[in-house]
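Its first residue numbered 72, the sequence shown is counted upward by one per residue in our numbering.
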Amino acid sequence: MTLKVSFEFFPPQTDLMEERLKTNVQKLIGLRPSFVSITYGAGGSTREKTHSVIKKIMTQTPLNVAAHLTCVDASKNETKKVIKDYLDIGVRHIVALRGDIKDLNAFEPHPEGFRNSIELIEYIKSRANITVSISGYPEPHPESKGYQSDIDFLRAKIDSGADQIITQFCLNTDYYLRYRDQLDKEGFTAPIIPGIMLIKKFRGIEKMSKKIGVEVPAEILNIIEKNLTADEEKNAAEEFAIDQCEKLRKNGFENLHFYTLNESEIMIAIANKLGFENHAN
72 MTLKVSFEFF
82 PPQTDLMEER
92 LKTNVQKLIG
102 LRPSFVSITY
112 GAGGSTREKT
122 HSVIKKIMTQ
132 TPLNVAAHLT
142 CVDASKNETK
152 KVIKDYLDIG
162 VRHIVALRGD
172 IKDLNAFEPH
182 PEGFRNSIEL
192 IEYIKSRANI
202 TVSISGYPEP
212 HPESKGYQSD
222 IDFLRAKIDS
232 GADQIITQFC
242 LNTDYYLRYR
252 DQLDKEGFTA
262 PIIPGIMLIK
272 KFRGIEKMSK
282 KIGVEVPAEI
292 LNIIEKNLTA
302 DEEKNAAEEF
312 AIDQCEKLRK
322 NGFENLHFYT
332 LNESEIMIAI
342 ANKLGFENHA
352 N
């Protein structure tokens, strides 16, 4: 089975980081991703930069761009303007999220804003016939109120018009399979796209995972304890991602979404080892 891939990037903070992102996006074009998504930043903190990056990728590359959009710190009118701006530059895919508050504080809806992702999805779908992706959590979200509550909320997002589910990353690949089976049992038919984190530093991914409620398996803890050299850690990260992709492919997943951290090297190495076609010049 040939895997279809997509990539997530975040808006760069400096001119140097922007040039680096441009270079890495160009390197990944040859893998012919289904789409690339651009994040919005905690608290909507990168709103203008997100729009700028999206416009540049859409005008300078052949890539399909999915724009992230959140409900955080914005009135409905402000969010509606962002949507209009996206549509005006040709965006036809939005990743609709409630969004995270800076410093992981509790979410408080803007008094004049969309209260949750369901309201946001409903508005987007009333405004334009475009693709809407939503988030899914194979491991409970830190604010989860329980399994049934999670299922009910996910169903409400789908019923509001969402087209597909992009999952939070997992470090235990079995959790993607369990999630797929749970949703199948509950009658969901929307495509599920596993989100794969491309690891740069294992200690960093351990810290991030603990913050957001992602289990860190013994395999990764053992790698951390070995105090690997930079090259050894890079190889270990590649092998870990390859193992995840192979297992998901063998279990019927056809689409994978990679959290690239704005890098390209590890993704290209993984693609080569998995036998992906690379159409780069």
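Glycine residues also receive a C-beta, built at the ideal position from the N, C-alpha and C atoms.
Limits of the beta strand (DSSP E) - the one that residue i falls within
i: L332; result: L332 -> no beta strand (DSSP E), and no H or E assigned at all.
i: I205; result: T202 to G207
i: L140; result: V136 to L140
i: A199; result: Taken as a continuous stretch (DSSP letters only), A199 belongs to no beta strand (DSSP E), as it is neither H nor E.
i: A233; result: Note, A233: premise wrong, no beta strand (DSSP E); not H, not E.
Those residues which DSSP pairs with residue i across a bridge
i: E79; result: S108 and Y330
i: T238; result: G207
i: I165; result: A138 and V203
Cα-Cα separation between residue i and residue j, rounded to whole angstroms
i: V353; j: I270; result: With the chain covering only 72 through 352, there is no way to say anything about residue 353.
i: A342; j: L99; result: 10 Å
i: L158; j: D245; result: 38 Å
i: A233; j: S108; result: 16 Å
i: H350; j: E183; result: 47 Å
i: V203; j: D314; result: 29 Å
i: F78; j: D156; result: 22 Å
i: D42; j: N200; result: The structure shown does not extend to residue 42, since the chain spans only 72 to 352, so no value can be given for it.
i: A289; j: E296; result: 10 Å
i: K321; j: T150; result: 40 Å
i: I236; j: I294; result: 31 Å
i: Y247; j: S123; result: 33 Å
i: E303; j: L292; result: 15 Å
i: F273; j: G258; result: 36 Å
i: I205; j: S231; result: 11 Å
Contact belief for residue i with residue j at Cβ below 8 Å, rounded distance in angstroms
i: R92; j: V76; result: Here residue 92 turns out to be Leu, not Arg, going by the sequence shown. 18 Å between Cβ atoms; not a contact.
i: Y250; j: P209; result: 4 Å
i: C316; j: L74; result: 7 Å
i: I125; j: I154; result: So it is not a contact: roughly 12 Å between Cβ atoms.
i: S197; j: K228; result: 15 Å between Cβ atoms; not a contact.
i: L191; j: L140; result: 7 Å
i: T331; j: F106; result: At roughly 13 Å, the Cβ-Cβ gap does not stay under 8 Å, so T331 and F106 are not in contact.
i: I128; j: V166; result: I128 to V166, Cβ: 15 Å. No contact.
i: A307; j: L319; result: Actually they are not in contact, since the Cβ atoms of A307 and L319 sit about 19 Å apart, beyond 8 Å.
i: H164; j: A137; result: 4 Å
i: P83; j: N333; result: 7 Å
i: E310; j: I337; result: With a Cβ gap of about 11 Å, E310 and I337 do not count as contacting.
N- and C-terminal bounds of the alpha helix (DSSP H) containing residue i
i: I125; result: R118 to Q131
i: F224; result: Y218 to D230
i: F311; result: A301 to K321
i: I267; result: First-last for I267: I263 to M268, but that is the beta strand (DSSP E), not the alpha helix (DSSP H).
i: T150; result: K147 to D159
i: V96; result: D86 to L99
i: G258; result: Unbroken run through G258: none, as it is neither H nor E.
i: F324; result: From DSSP, F324 is part of no alpha helix (DSSP H); its letter is neither H nor E.
i: R274; result: F273 to I283
i: A289; result: A289 to E296
Minimum Cβ-Cβ distance from residue i to chain B less than 8 Å
i: I154; result: Judged by its chain identifiers, the structure shown contains no chain B, having just a single protein chain.
Measuring CB atoms only, is the segment 227–242 touching the segment 265–284, in the sense that at least three cross pairs come out at less than 8 Å?
yes
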